[in-house]
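Written below as C-alpha cells is the structure these notes are about.
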Amino acid sequence: MNRIHLLPDHVANQIAAGEVVERPASVVKELVENSLDAGASRVSVEIQAGGRSLVRVTDDGSGMSRDDALLCLERHATSKIVRAEDLSAIATMGFRGEALPSIASVSRFTLTTRERDSDTSEATQVIIQGGKIAEVKAAGSAPGTSVEVRQIFFNLPARRKFLRTGETEAAHIQHYLTLAALAHPQVAFTFSKDGRTVWQLPPVSSASTPEGRLAALRERMRTIAGDEQKLLAVDYSALLDTPAEGEPDETWESATPERPQTLPRFRIWGLIGPPGVSRSTREDQHLFVNRRPVENRGLNFALMEGYHTALMKGRFPVCCLFLEIDPSAVDVNIHPAKREVKFHQESQVRRLVAQAVRQTLLAFHGEPNAASSPTKSDPRAVKVHAQETPKANALSPRSSLPASPIPQTEDLPQLAPSVLTARPTAPKDKIPWPVRPPMTPARPVVTAPPPPAIPEERDSTPVPAASGNEHGDTSRSASVSGPVPLLHVPLRMVGVIGRLYVVLESDRGLVLLDQHAAHERILFEQMLNRLEQQGNASSQKLLLPETVELSIRDSQFLREQLPTLTRMGVGLSEFGDRTFLLDALPPFVKVSDSRRFVLELVDELKAAGQQVNSLRLGEHTIAKTVCRHAVKANDPLAGKELENLVDDLRRCAMPYTCPHGRPTLIEMNYRELEKKFGRTQ
Ligand code: ADP
Ligand code: MG
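If you use this note's numbering, the sequence shown closes out at 1626, no skipped numbers anywhere.
Written as C-alpha cells, this is what we have:
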C-alpha cells in the first residue's frame, strides 16, 4: 500500500509559514521588503493591536497586473530570480517566492494592486481566507500595492497563543522598521499604530558620494531619534582576494594594473559610537549587508575586535554599518527569513570590518585636523594642550608622542607579523595619526572626516568628550560643544576630589578624569610601545624572588604564556613540576603577595581568553591584565604630576578609555549643568 502523498498547497504553505512568519513583525518585514524591491518611494505601515488584528503595508511601487496579482500568491512564484544560477548573486531583498502565500495561508489577507506603468486605471483586489481565494475583483486604487493582513494565525490557535502583548509585538515591528528606514533614507516611511502616527519620515535625497550617503544616514537617524546622534563616520573600501579561506596572503590593496577590478568589491561605511560609548545590549548595533539587516556572529566579533580596548567587558557597540559586497561573494539563502548571511571570504570580511572600526576610533583622537585652536590663553591651563606651535591646528596633541604608535600592536599582530618589525618612523608632527595603519590599508575614503563628531551619551555609561550626562538623559546639545574631541580642547585644572577624580574645566564645561583609569591606559600604551621598539617591556628584578605553586591545569596554561609574560616584564620561569619562580615585575607593579598575583593573572588571562576570540591571547591582552595591577597611587597627584598625567594621556592613541574599556574622562557641558540647575528646560 502506498502511504506517501503530496501535501495540498495550503498545507505546504502553512508549513512554510512556520519558518517565514514567526510573528507580526515578520509579516511587516516581508511586505516592506516587497515594497522596496518594487521600487517604492513611499511605504506606509499601519498596525493594530501590535499587528495581531491588522498589518497593512501600502506602497507606490511598480504594482502588479491582474495575472501577476494571482500568480504572486502561488508558492515559489517570484519575479526576482529565474535560474538556479541567479541564487549566487541576489540583488533583491526577496527571491524565495514564499512570503505572500505563506502569510496568506495563516491570515485573512487582501491584496490590492495596480500596475504603475500601464494604461489601466483599475486595480485588482484578491481576498484570501486562510490560504483559500475568496474573491478576485476590480477595485479603485492608486498605482502601487497595498497588502492587508488581518487576524494573523486565526486558523492556527496554537501559534496565536504564543503571540506576545500588543506592545511587545509592536516593538518588534518598530525595530524592523527602524532598520528598513535606516537602510533606505531615500524612501519615505510612515508608521502608525492603532490609528496614531508614530513616524512620518520624509525622503532624504542623497548624493551618491560617500559624504552624501553619510549625510543622508545622519539625517534619517535624526528624524527617527528626534535628535542628532554624535557618531563617527566610517568609510573604507577594499577588494577581497578571491583565494579560499585561510590564505595567508590577504591584502587590502585597491585595484592596480596587476590587480584588476575583477576581485569582489567590498565597502564598509556608516556610523559608529566613539570610544567609551556603549550599550548593555546589541539593541543599537545595526549591521547591514547590501542593505539587508543581518545577524552574523562573525561580524559581531569583528566589531568587538575593532573596539577592543575601547569597549568594556559585557558592553556592546553602538553602530549603523553598511557592508557592500559583491552579491556573488555572499550567500543570503541560508536562512528562511533571510536574517543571516554567509560570506565566502568570511575571515577577510571580519578583518576588514575590525580594521575599519579601529582606524576610525584611532582617527577620532588622532586626526590633527580635528584639533581646535585654544580660544583663550590661561596661565593656569594645563600645558598638555598647548605644545605651542605657530599654526593653531598644528597643536597636535601628539607632538611628543611616544615614538611608535599603538595601533599596530593592537591590531592582530599574529595576522600581520611583518608590520610589527617594518614600520617607518615618521616625522612626528607631520603625519596624521595613525602613522601607518596596521595592515595594508583599505583605501580610506572618508576617515572620520574633520570635524569628527562628538561622542554622545547613549546609555548610562559616562562618555568621553560627550555632551550627554551620566544619568541617561538622552537630550542632545549639538551646538554647545562643537565637534571637537575632549582632549583636543584646552583643559584647566581645578582640583582633585576623593583622591581619585581630577576635576578639570574646559570652555565647554566640567570634565572629570579618573586617575587610575588614565594611568592604566598610559601604562598600557607605553608598555606596548616599548615592546614594539625594544622587543620587551621594562622589568625590574625582585630583591627576593618567590616561588608559586599552581594546580596542574593552571601550570599547563601558564607555561604556554611564559614567553609572552617574560617579554611583558613579568619574570616567571619554571621551577619544578608545578612550581614557578617569580623574579621580576614591570616597575609599576608592586605585589605584596606574589602567589595571589600569579593566580589572579592566570584567572584573568583565562577569562580574557574565553571572552575575546581565541585568536587573540596576545600581547595586549596580557598587557592590559598586567596593567590592572599597576600601583594605585595612594597619594593624590598634584600640580606637575597631574599635568604630566593629562599630557601623557593626550599622547595615547586611544585615550578615552582605560585598556578595559572604562572611560578615563567624563564631561558635563554647560548646557547640561544649566539643565540640572533648572536654568533651561
Ligand atoms: P519574493 O519576494 O521572494 O519574490 P513574495 O512572495 O514576497 O516572494 O512575492 C512574490 C512576488 O510578488 C514578488 O516576486 C513580486 O514580483 C510580487 N510582489 C510582491 N509584493 C509586491 C509589491 N508590494 N509590489 C509589486 N510586486 C510585488
Ligand atoms: Mg518577498
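Cβ coordinates follow ideal geometry from the N, Cα and C atoms, glycine included.
Name the two residues that bound the continuous alpha helix (DSSP H) containing residue i.
i: Lys1620; result: Tyr1615 to Lys1621
i: Ile1567; result: Glu1564 to Cys1572
i: Thr1168; result: Pro1155 to Ala1170
i: Arg1011; result: Arg1011 to Leu1016
Spatial neighbours of residue i within its chain, please: C-beta separation below 7 angstroms, excluding the five flanking residues on both sides.
i: Val1442; result: One detail in the question is off: residue 1442 reads as Ile in this sequence, not Val. Counting only Cβ-Cβ distances below 7 angstroms, and skipping sequence neighbours, we find Val1448.
i: His955; result: Ser1050, Gly1076 and Lys1077
i: Gln1096; result: Ser998, Ser1052 and Arg1053
i: Ser1273; result: Ser1033, Ala1034 and Pro1209
i: Lys1375; result: With a pLDDT of 29 at Lys1375, under the threshold of 50, the predicted position of this residue should be treated as unreliable, and no value is reported.
Compute the distance between the beta-carbons of residue i and residue j, then report whether it is under 8 angstroms.
i: Ile992; j: Ala1133; result: no
i: Leu1244; j: Pro1262; result: no
i: Cys1265; j: Leu1127; result: yes
i: Leu1432; j: Arg1595; result: yes
i: Val1071; j: Ala983; result: no
i: Leu1177; j: Phe1309; result: yes
If you compare alpha carbons, which of the options is closest to residue i?
i: Phe1051; options: Thr1090, Asp1031 and Ser971; result: Contrary to the premise, residue 1051 reads as Val rather than Phe in this sequence. Selected option, being the one with the closest Cα: Ser971.
i: Gln1074; options: Cys1264, Ala1083, Leu1056 and Gly1085; result: Leu1056
i: Leu1532; options: Cys1572, Ile1497, Val1543 and Leu1184; result: Reading off the sequence shown, one finds Pro at residue 1532, where the question assumed Leu. Closest by alpha carbon: Cys1572.
i: Val1222; options: Phe1107, Gly1606 and Met1613; result: Gly1606
i: Asn1474; options: Glu1450, His1565, Ala1552 and Glu1505; result: His1565
i: Ser1066; options: Thr1142, Val1094 and Gly1008; result: Gly1008
i: Lys1138; options: Leu1122, Pro1147, Gln1478 and His1129; result: Leu1122
i: Pro1604; options: Phe1288, Gly963, His1461 and Arg1295; result: His1461
i: Arg1237; options: Val1302, Asp1276, Thr1254 and Pro1220; result: Asp1276
i: His1232; options: Thr1226, Glu1240 and Ser1225; result: It should be pointed out that residue 1232 corresponds to Leu in this sequence rather than to His. Comparing Cα-Cα distances from Leu1232 to each of Thr1226, Glu1240 and Ser1225, the minimum goes to Glu1240.
i: Glu964; options: Arg1284, Leu1487 and Val1534; result: Arg1284
i: Ala1255; options: Val973, Pro1220 and Leu1488; result: Pro1220
i: Arg1163; options: Gln1230, Arg1624 and Pro1130; result: Pro1130
i: Gly1218; options: Glu1617, Tyr1601, Asn1614 and Ala1068; result: Tyr1601
i: Asp1593; options: Leu1544, Val1429 and Arg1466; result: Arg1466
i: Leu1610; options: Gln1479, Tyr1446 and Asp1522; result: Tyr1446
i: Asp1005; options: Leu1488, Arg1504 and Ala1068; result: Ala1068
i: Val1534; options: Leu1544, Thr1524, Leu1507 and Leu1487; result: Leu1487
i: Arg1092; options: Val990, Pro1608, Asp1459 and Arg1512; result: Here residue 1092 turns out to be Val, not Arg, going by the sequence shown. Selected option, being the one with the closest Cα: Val990.
How would you write the range of the beta strand (DSSP E) that residue i sits in, first residue to last?
i: Met1038; result: Premise fails: Met1038 is in no beta strand (DSSP E) and is neither H nor E.
i: Gln993; result: Arg987 to Gln993
i: Val1234; result: Gln1230 to Val1234
i: Val1286; result: Val1286 -> no beta strand (DSSP E), and no H or E assigned at all.
i: Asp1004; result: Leu999 to Asp1004
i: Glu1080; result: Lys1077 to Ala1084
i: Leu1436; result: Taken as a continuous stretch (DSSP letters only), Leu1436 belongs to no beta strand (DSSP E), as it is neither H nor E.
i: Leu1177; result: Leu1177 to Leu1184
i: Cys1603; result: That residue, Cys1603, is in no beta strand (DSSP E); it is neither H nor E in DSSP.
Give every residue of the same chain whose Cβ lies closer than 6 angstroms to the Cβ of residue i, excluding the five residues on either side of it in the sequence, and list them in chain order.
i: Leu1526; result: Pro1490, Thr1492, Ser1518 and Phe1520
i: Ala961; result: Glu1043 and Ser1047
i: Ile1351; result: With a pLDDT of 34 at Ile1351, under the threshold of 50, the predicted position of this residue should be treated as unreliable, though the coordinate-derived value follows. Excluding sequence neighbours, Ile1351 sits near Glu1470, Leu1473 and Ala1598.
i: Glu975; result: Ala1044
i: His1021; result: Gly1042
i: Arg1212; result: Ser1182 and Glu1269
i: Ala1125; result: Val977
Could you tell me whether any non-hydrogen atom of the ligand ATP is closer than 7 angstroms to the CB of residue i?
i: Ala1044; result: Annotation note on the ligand ATP: not contained in the displayed structure, which lists the ligand ADP and the ligand MG as its ligands.
Under 8 angstroms Cβ to Cβ from residue i, same chain only, skipping five residues before and after it: list those, please.
i: Leu1101; result: Gln959 and Val1051
i: Asn1278; result: Leu1032, Ile1035, Phe1040 and Arg1041
i: Gly1157; result: Ser1151
i: Thr1570; result: Leu1546, Glu1549, Leu1550 and Ala1553
By the three-class DSSP mapping on this structure, what secondary structure does residue i have?
i: Asp1276; result: strand
i: Glu967; result: coil
i: Asp954; result: helix
i: Arg1224; result: strand
i: Leu1546; result: helix
i: Thr1110; result: coil
i: Ala1482; result: coil
i: Glu1494; result: strand
i: Pro1324; result: Note that Pro1324 scores a pLDDT of 35, beneath 50, so its modelled location is shaky and nothing firm can be said.
i: Lys1585; result: helix
i: Ala1598; result: coil
i: Arg1540; result: helix
i: Gly1251; result: helix
i: Phe1098; result: coil
i: Leu1610; result: strand
i: Ala1133; result: strand
Would residue i count as contacting chain D if we go by Cβ distances under 8 angstroms?
i: Arg1041; result: In the structure shown, chain D does not exist; there is a single protein chain.
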